[in-house]
Amino acid sequence: MVIDASVILKWFIQENDSNKAAEIKKAHTIGASYIAIPDLALYEIGNVLRYKPEFSSHEVTICLTEIYDLNIDIISPNVEMLASVSEISRRYDITFYDAVYIVLAQELGLDFVTADSRLYHKTKTLRFVKLL
Numbered sequence: 187m188v189i190d191a192s193v194i195l196k197w198f199i200q201e202n203d204s205n206k207a208a209e210i211k212k213a214h215t216i217g218a219s220y221i222a223i224p225d226l227a228l229y230e231i232g233n234v235l236r237y238k239p240e241f242s243s244h245e246v247t248i249c250l251t252e253i254y255d256l257n258i259d260i261i262s263p264n265v266e267m268l269a270s271v272s273e274i275s276r277r278y279d280i281t282f283y284d285a286v287y288i289v290l291a292q293e294l295g296l297d298f299v300t301a302d303s304r305l306y307h308k309t310k311t312l313r314f315v316k317l318l
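Residue numbers (this note's numbering): 187 to 318.
Below you can see the structure in the form of structure tokens.
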């Protein structure tokens with residue numbers, strides 16, 4: 187599956203549905219599921235954590251390192267994907283950033299899981315888009 191920053195952040199910040207996000211992480215860790223993310227997710231996660239006063243610079247680095255240590259596939263989009271991202275972002279009236287996750291899931295033939303209800307409701311006609 188492809189998961190977005192809203193799901194991964196729940197691994198580090200206790201919020202609603204953090205337990206569901208933890209289940210996704212655990213399933214990946216034991217080899218029961220596969221996770222891919224666009225490289226963009228690392229910047230989004232780092233940025234959110236940077237503005238949380240309870241996270242020092244060192245703690246932000248630890249969180250990002252943990253993501254790498256989980257052997258999640260971190261994928262950089264190619265030119266063809268970016269063309270699709272532009273089209274999807276306009277069709278569904280979503281940010282270019284959000285569309286990157288959707289196109290990555292589409293390209294890989296995987297479900298896309300988000301904790302962002304606004305994004306989910308705008309794109310739920312795509313059967314592979316799931317709300318955490």
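Backbone N, C-alpha and C define an ideal beta-carbon position, used for all residues, glycine too.
- Under the 10 Å beta carbon count, tyrosine 237 is surrounded by fewer than 16 other beta carbons and is classified as exposed.
- The C-alpha of leucine 250 lies about 27 angstroms from the C-alpha of phenylalanine 314.
- Where aspartate 259 is concerned, the enclosing beta strand (DSSP E) starts and stops at 259-261.
- In the displayed model, phenylalanine 198 falls within coil according to three-state DSSP, outside both helix and strand.
- Close CB contacts of isoleucine 210 within its chain, under the 6 angstroms cut and outside five residues either way in sequence, are absent.
- By the 16-neighbour rule on beta-carbons within 10 angstroms, tyrosine 287 is buried.
- Apart from sequence neighbours up to five positions away, the residues of its chain that approach serine 303 with a beta-carbon distance below 8 angstroms are Leu317, ordered along the chain.
- Counting only the Cα atoms, valine 246 lies some 14 angstroms from aspartate 255.
- Spatial neighbours of valine 193 in its own chain (CB-CB distance under 7 angstroms, excluding positions within 5 residues in sequence) are listed in chain order as Ala207, Ile210, Val299, Thr300, Ala301, Leu318.
- Rounded to the nearest whole angstrom, the C-alpha separation of leucine 268 and phenylalanine 241 is 32 angstroms.
- Going by C-alpha positions, alanine 218 is about 8 angstroms away from lysine 212.
- When the beta-carbon positions are compared, isoleucine 199 and isoleucine 258 stay at least 8 angstroms from each other.
- The DSSP-derived three-state label of isoleucine 223 is strand.
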